[in-house]
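Visitor: Below are the C-alpha cells for one structure; questions will follow.
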Amino acid sequence: MYVASGTKMNPCYPMARYTITLSYLQVYRLKKINNPYSRTMIATPQSSLAVAVALWGKKPPKHRINCLQCFEDGAVIITGADDGTLIIWEKCNENLQAQMMLLGHEVPITAISATDTKRNLTRFVSASADGQLTLWDSADGRCIDNTFMAHVHRQIIPYRTISGSFSLCALYCIGDYAEVVVIDPQDMNILFTLSSRVEPDWIAAFTIISYPNKQDAVLGMTTSGMMKVWLLFDLDKKELPIYETESRNVEINEVCSVSWHPSSPSIFLLFNSASWQIFQLADLNRLVVYFSEEHICDGKLLSGERSAVACADGSVYIYQLPHSLLSCGSDSESEVEKLSDPSLLMILQNKSANNLRSAHMVFCITASHLICRADTESIIVIWEFDEVLPIQSEHKVIFKQPKLKTSMKCQWNSLKNLPPSIYDGEDDCEVTATYYISSQGRLLIGRGDGTIILMYGCDAISKQLLTKSGELNFRQFYGHNAAVTCFLYPHEEHPRYDQQILLSGSSDFSVITWNLNTGSRLYRFCVQGGPILRMLIPPETCSQRVLHTICSIAGDNSAALLSLKENKCLLLASRQLFPIVDVKWRPLDNFLLLKCEDETVYVWQMDTASLERIVNGQMSEEILAACNEQIGVAEIDDEVGASQAVQMFRALRNKNILAMKQIATGNRDGKVASTTEKVLELPAPMNIQSMTKEPSSSHLVFFNIDSLIAGLLVLENELSTGENMENKSLSTILMGKQQSDSRTPVPKIAWQTGSNLYLDVAKLCMSLLYAWTLDADLDEICLKKLRLVKPSTPLSFGVESRQGHIVIYMPTGKFNNSTSFDNFASAVRWATGSCLTTAHLLAVIALANTLMSLHGASFDIPRRDILMRSSSLRSSAAESHENDLQLKQGWSLIAALHCCLLPDLIKPKNIYCPPRIELLAKRWQDQCLEVRMAAQALLTRELTRLSVNGRKRLMESWSAFLPTLLDPTLSIFGNRALVASMNTALGTASAPQPPPIPHRKGEKVLPDPTINVDVKLSKEAGVQQIRRNQATSLILLGVIGAEFPDEMSKLDISRATAQSLLELLIAPPTTLLPYHSPLRRAAVDLIGRGFSVWQPHLDITKLLLILLELATSTDKQSVGTAAAILTPSVDVCHTARHALSLIATSRPPAVITALSKEVARYNSVAQHQTIQHSNSSPLLKCRAEVLRIMELLSEKEYMNVADLMIPVGDILVHCLDASLLKHKSLSEIFPPITRYAIFLITFIDFYNFPFIMMH
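Counting from 623, one number per residue, gives the positions in the sequence shown under the numbering used here.
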C-alpha cells in the first residue's frame, strides 16, 4: 500500500496530529503501522520503546500447525503454523502448556531447528516460505537476529564437525534449491554449500552419518530419485563449493525421510509415501523393501535395530529389523532373499478424528524415544516408550496410548476466566474486520451482519481491561447486507482526501463511502462480482482524476478504480484468471499493473480503461521492478530515467494529451518532495492491530512510548501558552506559524467532547503498566488523585525485540493461572521474564517523569476541561499551584517505586526477574530523552544493587569483549592500521605519547592486545553477536567507571576501557560504526562522566579538541531546544557540551593547562608559517565553546582559575576578538573576568594592555 507523508486530523481531537515539526527543522512524522511485526513495517521506522497488551478473545487462536520440533527431551516443544506464528510449549506438572507466541513471520513456517547438538540449549532458528531465517531464544522469546535469504528451507539439521583442533557447528539445510546449504547458526550467513555435478535437483531428504574412525558424510535423496553422498573432511582447506563424491539413481520418488543411527552403522533407512526400504551404506545397494498399506508421512531408524514408521492415520508403528540384516553382504542375493519380515513390536495409537491428509500432519521422532505429532487443528500428541522394548512373543503387539495430548481448544477450556476480546456484543455476532484510525483514536468494528460500530479506541480497551470503565458510547452504521471485510480511511494515507470520508468493503460485493462524523452513507459502489478483499490508494504522482480514486480488490479476481469525487467507477479490471497478489502503479504512463498467483501481470490503461497487455515469465518481474522507479517521482522529472523523446512516444501511444502538453512546454514543476528537512518518522501513540491476517483473530494494543512522550510535551506547550489547539496542527503549534489549511473545522461529536488522545492513551498505558498491589498507599493516590484505573483481569503482555519481532505471553502459561488480578500483579507479573520487566520499568519511569514535568497533568476529564479554558475561568492561583504540587508528587512517587523500591516490595524476592543489564546499556543513549534518563537511572540502580564482588565479576566477564583487546577481524574498529593512518591524517600521530603506566600489585593482568583472545568466544557466539557484545561491554564498563571510580581505577581494565572509549571518538565512520551512532554518543557521555578514571590513560589535549569540534558541529540555538527526541547531530552536540562541562569541573587545572598548551603550540607554529602554508587554530573554530568553558570555570572553580591566571589570560586573548580589545574593555567583552580583580594587575602587566579595566 502506498503511504504518503503528512496528514491532518479531525479537530475533535486537538492533540492527535500526525506531523510534529520542531524548531530546529527536525520533523516527527507519526504514521500508522498496519502490522507491527511485519517485515513491510521496516520502511516505516518504529518506536524505540513499545509495549503491547494482547486481547485474545473468547475463542482460542487458530494455530494450524505445519512444523514441529522437540527440545530438551520433550520438555520444550515449538510449533510453527501456516500463518507464520510460533508457539513455545512447556511441560508443567505432566501437562503441556502454551507459554509464548512469537510473531515475526508473515508466511507459513517451513522449518524449525536447534542451533547446536548440545542439550539444554535455548536458541533455535525458524524458517518461513519467504526466505526469512530468524534466530530466537526460547527462554524469553527474544528475537536475537534475522535475515532474508534467497533460499526457502524445508529441513534443517544442526551438526558439529570436529577434525583435530578444528570444530565447526553449523546448520545443514535443504529446501527449494538444488544443494545443501550450510549456515552459521549465530551469524545467519552461508558458510559453504554442498553442490551436485550429476543431475542437480532439489534435495527431498537427507541425513548426516558420523561414527568414530570414519569420515563424516552427508547422504541425501533428490526429488528425481538420485542418491548422493558428500564427504565432510578438511572443510577449512577445501575449495568451495563442495561436490558430491558419489551419485546413484535408485529411482524412488516422494521420499519423506532418510535415517541412519550409530547403533546400526552399516545400514540406513529410506522412507517414501508407499514403502520403507533398507540400504547398505557401503555401496548404496538396496537390501529389502517393505510396502505399507497406509500412507507414510515420516520415519526414523532407532537404536537396537528398530524403526519407527509414522503413517497418515495418525499412528506410529515400531518394528524390529531382522537380526540377520547386519551380517548380510551386499553381493549375496540369496542371503537377501532369506531375510524375514520385520517384527511389529508396538503401535502408538491415536486415530485422527478428522482423517486429515498427510500434508496436514507432522511428526517429530527424537532419538530419546519420544515421538510427537501435530496437525492443523493444533492438536499435539506425545508418546514416550522405553528404550528397551519387550521382546515380541507369540506375535503379540503392544498398543500404547499417548502420554500427553492437548490442543489450543483444550488450553482455552482449562482457563477459569476467558481472556477479554476486542469487542463483546450482546448478540454474539462475529467480528469480521477491525480498523484503528490512529490520528483520531477511533476504532471501527465490522461485524458479520454488515453493521459497523464506531468507538473511541481508549474507551473500548478500557471497557475490556479496566474496572469502573462506565458505559461504552458507540455509533452504528447500517448499509451492508453481508459481513464487512475491510476498511480504508484514505485521509490517513494521504491528506488529499477528505478527512471525513471512510470506506468499507463487504461480502455483498459493495464499497460504501461514509461521513465519519455524521454517520451518513454518501454513496454505494457495486461494480465487482466478489467480496471486497482490500482497498488501497494510488500514488500522488498519478493524474488529477486518478488521485481522487481508490483501488478495490475483490474475490472475483477483479480490481476497480472508484472515484470518490465523481462517484463512479473509472476502471473495472476483470480479466484476471487467478487471484491478485500484488498491485503496482506506473503513474507517468497511466498504467495499473496487477500481479496474479500464476505470476502473470495484467497491464491496464487507467485513462482508457482498457487492457494494454498480459505479460508472463521473466518479463513480468522486470516490469514490476521498473514500477518502483516512478513511485514518488514527479512527472517530467529527470530522475525518471526516460528521455523526453521516450516520454513523448509514450504519451502519443497512450493518447495522454496532458502529458504531451507538459513535455512540449517543458513544464518542470514537479511534485518532488523537499529534502531540506530531516524527517524522523514515529508511529502513532497507540495502535490496535490483529495478530494475524484473519480479522476474527486476537488483537494487540501497542503503546509507542516515544510518540506518547512527544505528544505530551506538546500538550504542555499548549497549556503553558494558553492557546487553543483545536484549529491548529501540531507543527503549527511548535513553529509558531498560522495553519495554511483553510478548510472549515469539522464539528465535534458529543460523546468525544473533552477527550484528548495523548492524555487518554497515557492514562490507559499507566493504568495497565503500573505495579498495582505492591504499595497500598500509593495505589490509593493513583486511584483518587491521579485518576488511574485498576485492571479487572490478568493481563497478557508482549515485548518487542529486534526488527519488530514480538513475543506475547499467553494466558495458558504456567504464570497466568491466577484467578484474580491482585494475584497476577503481586506474584506473577514480575516473575514472567527479564525482558518484560525491562520494557515495563522503562515505560513507566519515562512516562511518570514526563507527566511530572507537565503543568496540571490530570486524567480527570472535568478538571482537564477547566485547564483548557481561558485563564479567566480557572481556579485561584494558590489552589491550582497546590494541586499541581500534589500531582507532581504522585508521579514522582510512581517513578521512585519502579526505579528504586520495586525489588524490595515483591514477595518472595526470589521470584523477581530483574531488568536485563545489557538491554539497559543499549538504551544509555536512546533517541527519546525521557527513556534515556530512565535507562540510565535503572542501570545505575542495578549496578548499585550488585555487591563489590558482583560488579567485579561483571567487569571480568565483559572485559573480554573490549574492541581494543579483540582480533581486528572481529573488532568494531576494524584493522588497527586503518585507525593509525586515520590518526596520522588528523595530525595526532606525531604528538608524543605518554609513557606506559607500570603494573601495580593486586591488579588483574589483561591479555596482550596482539594475541587473539576471542578464539573461545567465536566458537560459542557468532561474529555478529561478538560485535554487539562489544557495544554492551563499552557502555557497561564505562558506566561502572563513572559511577564506581574507586573500583575501576584499581584494575588495569580501566586503561583498555579508556582507550576503547577514545577510539570510538576518532574511529572513521563505517557500516558497523556510523558517525552519529548511539554508541559514539555514549562514549562522549561516559568519557565526561568518568573522566577522573580515564584521565591517566588519555591525551587530554587530543580529547578536548575532539569534543570541542563535536560541540560546535551544530547551531548553539538548536542544542538548547527542549524536545522529546533530538536529531543525531544535535544530540551529539548536546552530549559533547555536557561532557566538556563535566571534564572542566572535574579537572580544572588539567583543562586550563591543556588549552594553554594548544595556544602556545599554535603561536609557535604561527611565527614560522608562510603565506602559502597558513595554519588555523582549532580553538578559534570553537571559540564560543571555549569561552563558555572558561566562564563556567570562573563561576564554579574560583581558586583554580585564580592560581592559573596567566594560562587563562593566554586562552582569553587567543579566543577573544582582537579588534574588540582595541575599543572595549576586557570586562565588557568577558564579564566573568571581573571576579578576579585582585589578580588583574599581574594579568594586565603581563600583556601590557593599553586600557584600564572598567568596573
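Heads up, the beta-carbon is just placed ideally off N, CA and C, and yes, glycines get one too.
The structure displayed is predicted, hence computed values, not measured ones.
Just confirm the distance between the C-beta atoms of H1836 and L1801, as a whole number of angstroms; I'd bet it's less than 8 Å.
Guide: At roughly 6 Å, the Cβ-Cβ gap stays under 8 Å, so H1836 and L1801 are in contact.
Visitor: Where does V1627 fall in DSSP's three states?
Guide: In this predicted model, V1627 has a pLDDT of only 41, less than 50, meaning its place in the structure is not dependable enough to derive any value.
Visitor: Give the DSSP-derived three-state secondary structure of S1364 in the structure shown.
Guide: Residue placement at S1364 is poorly supported in this model, since its pLDDT is 37, which falls under 50; the coordinates are not used for a value here.
Visitor: What's the gap between the Cα of L1186 and the Cα of Y1045?
Guide: Each residue's alpha carbon lies about 30 Å from the other.
Visitor: Should L906 and S888 be called a contact, given that it needs their Cβ atoms to be closer than 8 Å?
Guide: Not in contact: L906 and S888 (Cβ atoms no closer than 8 Å).
Visitor: Would DSSP call E1234 helix, strand or coil?
Guide: If DSSP states are grouped into helix, strand and coil, E1234 belongs with the strands.
Visitor: Report the rounded CA-to-CA distance for T1441 versus P1042, giving the unit in angstroms.
Guide: The alpha-carbon atoms of T1441 and P1042 are separated by roughly 14 Å.
Visitor: Answer with buried or exposed for H1756, where buried requires no fewer than 16 other C-beta atoms within 10 angstroms of its C-beta.
Guide: By the 10 Å Cβ count, H1756 comes out buried.
Visitor: On the DSSP bridge list, what partners appear for T1028?
Guide: In the DSSP output, where bridge partners are listed per residue, T1028 has I1002.
Visitor: Counting along the chain, where does the beta strand (DSSP E) carrying H1321 start and finish?
Guide: H1321 to N1326 is the extent of the beta strand (DSSP E) around H1321.
Visitor: Using the DSSP secondary-structure output, state which residues sit across from K850 in a beta bridge.
Guide: K850 pairs with G842 and S869.
Visitor: Is it buried or exposed, D705, if we count other Cβ atoms within 10 angstroms and call 16 or more buried?
Guide: D705 comes out buried.
Visitor: Restricting to Cα atoms, I'd like to know which of A1500, L1169 and L677 is closest to L1040.
Guide: Checking every option, the nearest Cα to that of L1040 belongs to L677.
Visitor: Do you know offhand how far C689's Cα is from S1142's?
Guide: When rounded, the distance between both Cα atoms is 48 Å.
Visitor: Is any beta-carbon of chain C found at less than 8 Å from that of W1207?
Guide: The question asks about chain C, but that chain is absent: this structure has only one protein chain.
Visitor: Buried or exposed for D997, going by 16 or more other Cβ atoms inside 10 Å?
Guide: Per the 10 Å Cβ criterion, buried.
Visitor: Are there 16 or more other CB atoms within 10 angstroms of the CB of K1724, so buried, or fewer, so exposed?
Guide: Flag for K1724 reads buried.
Visitor: I need the straight-line Cα distance from R1554 to L1561, nearest angstrom please.
Guide: For R1554 and L1561, the distance between alpha carbons rounds to 11 Å.
Visitor: Around the Cβ of L1894, are there at least 16 other Cβ atoms within 10 angstroms (buried) or fewer (exposed)?
Guide: Because residue 1894 is not part of the residues shown, which for the chain are 623 to 1877, the question remains open.
Visitor: Can you find the residues in the same chain that come closer than 8 Å, C-beta to C-beta, to V880, ignoring five residues on each side of it along the sequence?
Guide: These residues qualify, in order along the chain: A827, F828, T829, L841, G842, M843, F890, L891, L892 and F893.
Visitor: Give the straight-line distance between the Cα atoms of V1323 and G1047, rounded to the nearest whole angstrom.
Guide: For V1323 and G1047, the distance between alpha carbons rounds to 19 Å.
Visitor: For a quick check, are the C-beta atoms of C1218 and V1203 less than 8 Å apart?
Guide: Yes, they are a contact pair.
Visitor: If you measure between the beta carbons of K1701 and L1686, is that distance less than 8 Å?
Guide: In the sequence under discussion, the amino acid at residue 1701 is Leu, which differs from the Lys named in the question. For L1701 and L1686, yes; Cβs fall inside 8 Å.
Visitor: Please state whether DSSP places C1521 in a helix, a strand or coil.
Guide: If DSSP states are grouped into helix, strand and coil, C1521 belongs with the helices.
Visitor: Which residues does DSSP list as the beta-bridge partners of E712?
Guide: According to DSSP, which records beta bridges pairwise, E712 is partnered with V698 and Q719.
Visitor: Could you check what DSSP says for T1961 in three-state terms: helix, strand or coil?
Guide: A question about residue 1961 goes unanswered here, because the residues of the chain that appear run from 623 up to 1877.
Visitor: Opposite T815 in the DSSP bridges: which residues?
Guide: Partner(s): V803.
Visitor: Return helix, strand or coil for N1035, following the three-state DSSP convention.
Guide: N1035: helix per DSSP, three-state reduction.
Visitor: Let's test the definition: count the other Cβ atoms within 10 Å of the Cβ of M1313 and tell me whether it reaches 16, buried, or not, exposed.
Guide: Counting Cβ neighbours within 10 Å, M1313 comes out buried, since at least 16 surround it.
Visitor: In terms of residue numbering, what span does the alpha helix (DSSP H) encompassing N1571 cover?
Guide: Looking at the DSSP string, the run of the alpha helix (DSSP H) that includes N1571 is V1570 to S1581.
Visitor: Would you kindly work out how many angstroms separate the C-alpha atoms of D1050 and L1087, rounded to a whole number?
Guide: One C-alpha to the other measures close to 19 Å.
Visitor: For C1404, collect the residues of the same chain with a Cβ closer than 6 Å to its Cβ; drop the 5 residues on either side in sequence, then sort them by chain order.
Guide: Here the set comprises L1410.
Visitor: DSSP three-state call for T1757: helix, strand or coil?
Guide: Residue state, collapsed to three classes: helix.
Visitor: The alpha helix (DSSP H) with C1404 in it runs from where to where?
Guide: From DSSP, the alpha helix (DSSP H) with C1404 extends over A1398 to K1406.
Visitor: Taking the Cβ atom as the reference point for each residue, do T1679 and L1584 lie within a distance shorter than 8 Å?
Guide: Yes, Cβ-Cβ distance for T1679 and L1584 is below 8 Å.
Visitor: For the candidate residues H775, A1704 and Q777, whose alpha-carbon lies nearest to that of Q1547?
Guide: Checking every option, the nearest Cα to that of Q1547 belongs to A1704.
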